[in-house]
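K.L.:
One structure, as structure tokens, below. Some questions next.
Protein chains: 2
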Amino acid sequence: MDKRPAETGRMRDTSHDGFRNKLEAFLLTRGRPIWSFINEQRWLRGIVNRLIVNNAVLKAPTRPLPLSTMSGYASWASLTDRTWFSRYLPPKTMEGLPALQALAPLYVTKPGGPRLSQRSTLLFPSFAQWFTDGFLMTDGADRRRTSTNHQIDLSQVYGLNDKVQHALRLQSETAGRKGRLITEILDGEEWAPRLFDSEGNRDPRFGDVPDPLKLPIDLPPGRRASIFAFGGERANATIFTAAINTMFIREHNRLCQVIETANPAWDDERVFQTARNVNIVQLIKVVVEEYINHISPYWFKLLGDPTPSYKARWNRGNWIPVEFNLLYRWHSLIPETILWNGREKPMADMRFDNELLLIEGLEITLGAASGSSAWSIGLFNTAAMLRDVELASIQQGRDNQLASYNDYREVMQYPRISRFEQISGDPDVVETLKAIYGNVDKLEFFVGLFAEDLPERSAVPPLIGRMVALDAFSHALTNPLLSPYVYNEKTFTVEGMSSITQTACLSDIASRNLPGGGTGLHITMDNPAYDSVA
Amino acid sequence: MDKRPAETGRMRDTSHDGFRNKLEAFLLTRGRPIWSFINEQRWLRGIVNRLIVNNAVLKAPTRPLPLSTMSGYASWASLTDRTWFSRYLPPKTMEGLPALQALAPLYVTKPGGPRLSQRSTLLFPSFAQWFTDGFLMTDGADRRRTSTNHQIDLSQVYGLNDKVQHALRLQSETAGRKGRLITEILDGEEWAPRLFDSEGNRDPRFGDVPDPLKLPIDLPPGRRASIFAFGGERANATIFTAAINTMFIREHNRLCQVIETANPAWDDERVFQTARNVNIVQLIKVVVEEYINHISPYWFKLLGDPTPSYKARWNRGNWIPVEFNLLYRWHSLIPETILWNGREKPMADMRFDNELLLIEGLEITLGAASGSSAWSIGLFNTAAMLRDVELASIQQGRDNQLASYNDYREVMQYPRISRFEQISGDPDVVETLKAIYGNVDKLEFFVGLFAEDLPERSAVPPLIGRMVALDAFSHALTNPLLSPYVYNEKTFTVEGMSSITQTACLSDIASRNLPGGGTGLHITMDNPAYDSVA
Chain G
20 MDKRPAETGR MRDTSHDGFR NKLEAFLLTR GRPIWSFINE QRWLRGIVNR LIVNNAVLKA
80 PTRPLPLSTM SGYASWASLT DRTWFSRYLP PKTMEGLPAL QALAPLYVTK PGGPRLSQRS
140 TLLFPSFAQW FTDGFLMTDG ADRRRTSTNH QIDLSQVYGL NDKVQHALRL QSETAGRKGR
200 LITEILDGEE WAPRLFDSEG NRDPRFGDVP DPLKLPIDLP PGRRASIFAF GGERANATIF
260 TAAINTMFIR EHNRLCQVIE TANPAWDDER VFQTARNVNI VQLIKVVVEE YINHISPYWF
320 KLLGDPTPSY KARWNRGNWI PVEFNLLYRW HSLIPETILW NGREKPMADM RFDNELLLIE
380 GLEITLGAAS GSSAWSIGLF NTAAMLRDVE LASIQQGRDN QLASYNDYRE VMQYPRISRF
440 EQISGDPDVV ETLKAIYGNV DKLEFFVGLF AEDLPERSAV PPLIGRMVAL DAFSHALTNP
500 LLSPYVYNEK TFTVEGMSSI TQTACLSDIA SRNLPGGGTG LHITMDNPAY DSVA
Chain D
20 MDKRPAETGR MRDTSHDGFR NKLEAFLLTR GRPIWSFINE QRWLRGIVNR LIVNNAVLKA
80 PTRPLPLSTM SGYASWASLT DRTWFSRYLP PKTMEGLPAL QALAPLYVTK PGGPRLSQRS
140 TLLFPSFAQW FTDGFLMTDG ADRRRTSTNH QIDLSQVYGL NDKVQHALRL QSETAGRKGR
200 LITEILDGEE WAPRLFDSEG NRDPRFGDVP DPLKLPIDLP PGRRASIFAF GGERANATIF
260 TAAINTMFIR EHNRLCQVIE TANPAWDDER VFQTARNVNI VQLIKVVVEE YINHISPYWF
320 KLLGDPTPSY KARWNRGNWI PVEFNLLYRW HSLIPETILW NGREKPMADM RFDNELLLIE
380 GLEITLGAAS GSSAWSIGLF NTAAMLRDVE LASIQQGRDN QLASYNDYRE VMQYPRISRF
440 EQISGDPDVV ETLKAIYGNV DKLEFFVGLF AEDLPERSAV PPLIGRMVAL DAFSHALTNP
500 LLSPYVYNEK TFTVEGMSSI TQTACLSDIA SRNLPGGGTG LHITMDNPAY DSVA
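Chains G and D supply the protein sequences, listed in that same order.
Residue 402 in the numbering used here sits at position 383 of the first sequence; the count goes up by one each step and never skips.
Residue 276 in the numbering used here sits at position 257 of the second sequence; the count goes up by one each step and never skips.
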């Protein structure tokens with residue numbers, strides 16, 4: 020394992036990385052030709068995939084976890100009431116924590132300017148944001164609670180409940196229109212309907228659709244009128260999340276057309292539900308085969324194959340852990356400027372504003388996300404507009420009495436560290452953390468997660484990577500749609516299964532839903548310059 | 020396998036029982052000395068228990084089942100909305116079904132009088148009724164829907180939700196009263212509070228407590244005043260279900276006392292929740308170690324050990340199947356007369372009437388259930404008061420478009436039958452079914468279930484036994500309280516775990532909660548005369 024973070028070139032003390040962790044990293048990140056061979060062997064890659072998936076999930080205690088954020092002890096209530104987050108470690112009183120403001124400098128870029136990610140385009144954090152907004156919801160009134168369905172169910176598109184879903188559906192038994200979501204066509208492109216009219220009043224058809232979260236009250240009427248009626252309350256957050264949501268809405272209606280044509284006798288409801296079944300599974304395939312493979316520093320290409328979960332002891336009903344909710348705050352990946360169709364633009368202008376998307380089209384918007392660099396995840400690298408959000412995340416960890424970074428290393432099978440030098444080779448990180456916390460055992464979970472050096476080829480630091488992988492597999496692969504008696508042509512139709520088979524990445528879905536088929540457009544989370552030099 | 024039903028002595032055609040089924044029955048119901056030896060070997064019985072439990076559960080497709088009663092196809096809605104029952108087989112249009120009234124003669128006792136069970140006391144169906152009323156609920160307005168929590172959670176005692184629970188709790192931080200359910204002491208015995216006053220008005224403290232289901236409007240004021248404020252809407256149904264519920268309420272308060280004494284610093288909530296944790300697991304132990312062992316014709320004594328579920332591929336979130344809801348209508352076990360403290364009494368008088376329970380005490384009531392014979396389960400053996408209920412159950416099967424008896428044999432790994440003589444050796448059963456249905460493939464699920472002959476030592480017929488066993492294990496043993504990281508002293512306390520260890524049957528719980536400790540009382544589901552002659 021390379022001990023030098025790409026950014027600083029300095030050495031990290033790897034003595035507490037753990038032998039097994041080092042060995043696994045060595046085996047999985049070296050020997051590219053061997054892995055390329057394995058990736059091509061249909062039979063072998065299935066076995067290796069199962070081994071890697073099981074190894075990833077069993078790095079932590081499996082569900083059901085004994086505790087939720089409801090209380091410090093297990094009870095029938097805490098084991099069944101899913102309006103609370105589950106948690107890996109019991110609440111802990113962390114004595115003598117620094118004042119929140121003392122941590123603010125950790126989220127200011129260094130005088131030399133931001134570090135750009137060599138690995139990821141802006142599509143990566145945009146997809147991460149849009150995807151996780153489908154199941155990571157924090158109750159604004161009590162940050163220990165959640166309104167999540169604890170599942171990958173495309174609630175960004177379909178809403179968290181039936182009321183929202185019905186408001187967004189075109190309920191019609193007319194041939195050629197069955198199962199569709201309400202959309203409108205502008206210049207040959209299909210869009211979700213707008214939530215507000217040109218005067219800023221809410222469209223009464225969408226009374227049950229949630230208010231976009233954190234929508235600025237003083238948004239100019241033009242930007243306000245560009246906000247879509249989306250199922251997810253955060254799907255309008257940026258022009259890029261709105262673009263991805265638009266793509267999945269178009270895909271839903273495309274699937275309806277395919278399914279209805281093959282099954283003309285089916286009613287509106289069945290066409291809708293079957294298209295949704297397919298759409299959800301296609302998302303899961305993208306999550307594993309594009310997104311997780313982008314995050315993973317391994318040369319092995321992980322497969323969107325649910326069978327490793329079928330007999331696994333980790334196949335238990337999903338329940339979002341509060342730690343998972345926090346570790347996904349990848350604010351430092353968001354750049355301050357982006358490249359839009361050849362022009363530099365401030366990312367701040369891309370929030371709650373779909374005007375450019377509507378004018379220039381989905382293709383150019385997805386192209387901008389794929390053509391702009393993300394920033395590199397880590398301390399001293401947060402865009403100015405997001406610094407307060409980082410501090411709010413730390414506060415959320417405190418509200419939930421999370422244990423220390425070292426405690427979480429331990430439960431995730433990393434040895435506890437004894438020196439700050441074991442987290443990072445960056446002297447700025449080490450010295451600042453030393454000055455703030457003094458003792459490594461005092462270091463908070465959220466701060467520690469992002470203080471770690473990025474290993475070579477990794478899109479995220481090691482502890483985050485481990486926790487994301489275990490949750491991604493144990494969450495995504497245990498989806499009821501992928502279960503043994505459900506994952507078949509009866510549930511999806513022959514045409515739906517075929518569409519699933521033909522879906523491995525966002526560009527597959529885009530190519531089916533862009534007016535020109537996305538010809539020549541490279542929709543990608545991987546920085547194209549990176550892979551070739553690695 | 021004995022082909023002659025105990026009652027008729029005639030031969031059944033066993034040619035379609037299936038080789039593996041016959042072999043399993045042979046191995047498990049013969050060789051009593053071998054099984055007695057195995058039952059005594061701590062190490063060996065654990066292994067055998069795991070084999071038998073796995074074999075029992077894997078007789079049917081495992082969860083998640085693809086369909087619920089919501090629709091004939093799988094959708095995200097149908098896979099997640101648990102207000103519908105799950106189902107083993109898709110809806111089927113059964114052509115040419117007989118009129119409901121044509122089936123009425125099947126539920127009239129023969130001229131020779133009812134057949135008494137040689138195997139079971141009245142405590143067996145009383146416990147079955149009380150136990151299943153905790154999770155088998157049918158929506159009165161739509162018999163395809165349910166309000167169940169799909170779990171063994173002692174909702175009969177604690178209610179289906181927090182509102183009911185809070186109404187029934189004595190919320191108190193006073194030492195010596197923490198965690199308790201509201202009770203009152205009469206002549207040294209502890210009882211749940213009464214729901215109505217002597218004038219028949221509801222006690223306003225219990226506004227959130229559900230109305231007792233099917234409570235006769237014209238109930239005399241004295242009987243009405245004897246109805247308890249119970250969490251379960253059916254727990255007052257008979258004096259015996261009320262007695263069992265009372266016993267579990269007393270046990271809750273006893274556990275609170277034990278837990279509070281050991282943990283004086285704990286608050287009301289924690290004492291309550293921990294007592295509930297223990298009480299639920301004790302019920303599960305009784306279910307497996309007393310109730311299932313009573314049902315099972317095997318000589319092996321099944322263990323209330325959750326570990327066979329820990330790595331099992333059938334360990335998935337429970338979801339009550341509609342077939343399970345129906346097969347549990349064991350009305351024919353209920354006798355028309357019972358033996359109460361030496362006197363014969365009509366069972367009809369025991370409905371919605373707790374006066375005798377309050378006057379003569381819990382011990383005499385449990386004694387009456389243990390000292391009265393149940394009737395034998397089967398056709399031509401239903402008490403007059405329950406005949407309409409049998410027909411309503413058939414209608415419920417039709418409302419849910421259940422497939423045929425033969426279809427269910429097949430999915431439960433019994434060969435389909437080709438002649439009515441393969442169901443029963445009783446010519447009355449065979450001839451009547453022939454006359455009504457003509458073709459065995461037309462035979463309905465509910466009717467067929469109860470038409471089967473009772474094998475020797477069985478409390479229920481084979482197909483019911485198989486379906487009860489698979490659901491009992493896959494439901495009870497996957498309870499979150501029994502899961503690997505929860506089933507420990509942290510969740511239950513040392514004292515609670517010790518109480519769990521000391522609980523294997525109802526008489527264990529009774530002995531801790533009867534004023535005289537139940538000395539000399541034999542609380543049992545097994546007819547004492549039966550086991551010695553078998």
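Even glycine gets a Cβ: it sits at the ideal position worked out from N, Cα and C.
Just so it is clear, the structure is predicted and the values come from calculations on it, not from any experiment.
I need the straight-line Cα distance from G561/D to Y329/D, nearest angstrom please.
P.N.:
This structure gives no information on residue 561/D, because the portion of chain D shown stretches from 20 to 553.
K.L.:
Can you give the Cα-Cα distance for R295/D and S94/G, rounded to whole angstroms?
P.N.:
Those two C-alpha atoms are separated by around 8 Å.
K.L.:
S139/G by DSSP, collapsed to three states: which one?
P.N.:
Strand.
K.L.:
Please tell me whether V505/G has its Cβ less than 8 Å away from any Cβ of chain D.
P.N.:
Closer than 8 Å to some Cβ of chain D, the Cβ of V505/G qualifies, so yes.
K.L.:
Give the range of the beta strand (DSSP E) segment to which I357/G is assigned.
P.N.:
Here the beta strand (DSSP E) through I357/G covers 356-359.
K.L.:
Secondary structure at L63/D, three-state DSSP: helix, strand or coil?
P.N.:
Helix.
K.L.:
For R31/G, name the three-state secondary structure that DSSP assigns.
P.N.:
In this structure, R31/G counts as coil in the three-state DSSP scheme.
K.L.:
If you draw a straight line from the C-alpha of L540/G to the C-alpha of T112/D, how long is it?
P.N.:
Their backbone Cα atoms lie some 52 Å apart in a straight line.
K.L.:
How many angstroms separate the CA atom of A553/G from the CA atom of V448/G?
P.N.:
Caution applies to A553/G, whose pLDDT of 39 falls short of 50 and renders its modelled position unreliable; the value that the coordinates give is listed next. Taking the straight line joining both Cα atoms gives about 26 Å.
K.L.:
Could you list the residues in the region 71-88 of chain G with a C-beta less than 7 Å from some C-beta on chain D, going in chain order?
P.N.:
Hits within the stretch, in order: P80, P83, L84, P85.
K.L.:
Name, going along the chain, the residues of the region 345-367 of chain D whose beta-carbon falls closer than 8 Å to a beta-carbon of chain G.
P.N.:
Under the 8 Å Cβ criterion, the region 345-367 of chain D contributes no residue.
K.L.:
Output needed in chain order: residues of the region 291-322 of chain D with a Cβ under 8 Å from some Cβ in chain G.
P.N.:
Those residues of the region 291-322 of chain D that come within reach of chain G (Cβ to Cβ, closer than 8 Å) are Q292, T293, R295, N296, I299.
K.L.:
For H350/D, which residues in the same chain have their Cβ closer than 7 Å to its Cβ, ignoring the five residues on either side in sequence?
P.N.:
These residues qualify, in order along the chain: T401, L405, V408, E409.
K.L.:
So what does DSSP say about S97/D, is it helix, strand or coil?
P.N.:
In the structure shown, S97/D sits in a helix (DSSP, three-state: H, G or I).
K.L.:
Going by C-alpha distance, which of R213/G, G178/G, S392/G is nearest I299/G?
P.N.:
Checked all of R213/G, G178/G, S392/G; the closest Cα to I299/G is G178/G.
K.L.:
Are the beta-carbon atoms belonging to G416/G and F492/G less than 8 Å from one another?
P.N.:
Taking 8 Å as the Cβ cut-off, G416/G and F492/G do not qualify as a contacting pair.
K.L.:
Could you tell me whether the Cβ of W103/G comes closer than 8 Å to any Cβ of chain D?
P.N.:
Taking Cβ atoms only, chain D never reaches closer than 8 Å to W103/G, which makes this a no.
K.L.:
Which one of N334/G, I236/G, P480/G, S437/G has the shortest CA to CA distance from L462/G?
P.N.:
Checked all of N334/G, I236/G, P480/G, S437/G; the closest Cα to L462/G is S437/G.
K.L.:
Closer than 9 Å, Cβ to Cβ, to anything on chain G: give me those residues from the region 95-120 of chain D, in chain order.
P.N.:
Flagged, chain order: W95, A96, S97, L98, T99, D100.
K.L.:
Anything in chain G within Cβ reach of Y329/D, meaning under 8 Å, just list it in chain order.
P.N.:
Result: R332.
K.L.:
So is A160/G in contact with chain D if we call contact Cβ pairs under 8 Å?
P.N.:
Chain D, which has no Cβ nearer than 8 Å to the Cβ of A160/G, makes this no.
K.L.:
Among R332/D, P480/D, I528/D, K453/D, which residue has its Cα nearest to the Cα of R273/D?
P.N.:
Closest option to R273/D, Cα to Cα, is I528/D.
K.L.:
Along chain G, in chain order, which residues have C-beta atoms closer than 9 Å to that of D287/D?
P.N.:
Near D287/D there are no residues of chain G at all, since even the closest Cβ is about 13 Å away, more than 9 Å.
K.L.:
If you draw a straight line from the C-alpha of P534/G to the C-alpha of E208/G, how long is it?
P.N.:
Approximately 7 Å, taken between the alpha carbons.
K.L.:
Report the rounded CA-to-CA distance for T99/G versus G361/G, giving the unit in angstroms.
P.N.:
If you take the alpha carbons of T99/G and G361/G, they lie about 52 Å apart.
K.L.:
Going residue by residue through the region 316-402 of chain G, where are the continuous alpha helix (DSSP H) segments of at least 4 residues, counting only ones entirely within it?
P.N.:
Fully enclosed alpha helix (DSSP H) runs of 4 or longer: 341-346, 374-379, 381-390.
K.L.:
For Y92/D, go through chain G and note every residue whose CB falls closer than 8 Å to its CB, in chain order.
P.N.:
Result: R289, Q292, T293, K509, T510.
K.L.:
If we define contact as Cβ-Cβ less than 8 Å, is D324/G a contact residue for chain D?
P.N.:
Output row for D324/G: interface = no.
K.L.:
Given a cut-off of 8 Å, decide if S477/D and L135/D are closer than it, judged by their beta-carbon atoms.
P.N.:
It is not a contact, given that the beta carbons lie outside the stated cut-off.
K.L.:
Do you know offhand how far I57/G's Cα is from R51/G's?
P.N.:
Their Cα atoms are separated by approximately 10 Å.
K.L.:
Pull up the distance between the alpha-carbon of F38/G and that of A470/G, whole angstroms please.
P.N.:
Going from the Cα of F38/G to the Cα of A470/G covers about 21 Å.
K.L.:
Quick one: grab the DSSP three-state call for S518/G.
P.N.:
If DSSP states are grouped into helix, strand and coil, S518/G belongs with the helices.
K.L.:
Answer with buried or exposed for S551/G, where buried requires no fewer than 16 other C-beta atoms within 10 angstroms of its C-beta.
P.N.:
Any answer about S551/G is weak, because its pLDDT of 45 lies below 50 and its placement is not dependable; what the coordinates show is given next. Label assigned to S551/G: exposed.
K.L.:
Under the DSSP definition of a beta bridge, which residues are partnered with S423/G?
P.N.:
Answer is E463/G, bridged to S423/G.
K.L.:
Could you name the residues of the same chain whose beta carbon sits closer than 7 Å to that of R101/D, not counting the 5 residues immediately before and after it, in chain order?
P.N.:
Only H169, W338 meet the Cβ criterion.
K.L.:
Count the other C-beta atoms from every protein chain shown that fall within 10 angstroms of the C-beta of P24/D, then say buried if there are 16 or more, exposed otherwise.
P.N.:
Bear in mind that the predicted position of P24/D carries a pLDDT of just 49, short of 50, making it unreliable; the figure below should be weighed with that in mind. When all chains shown are included, P24/D counts as buried.
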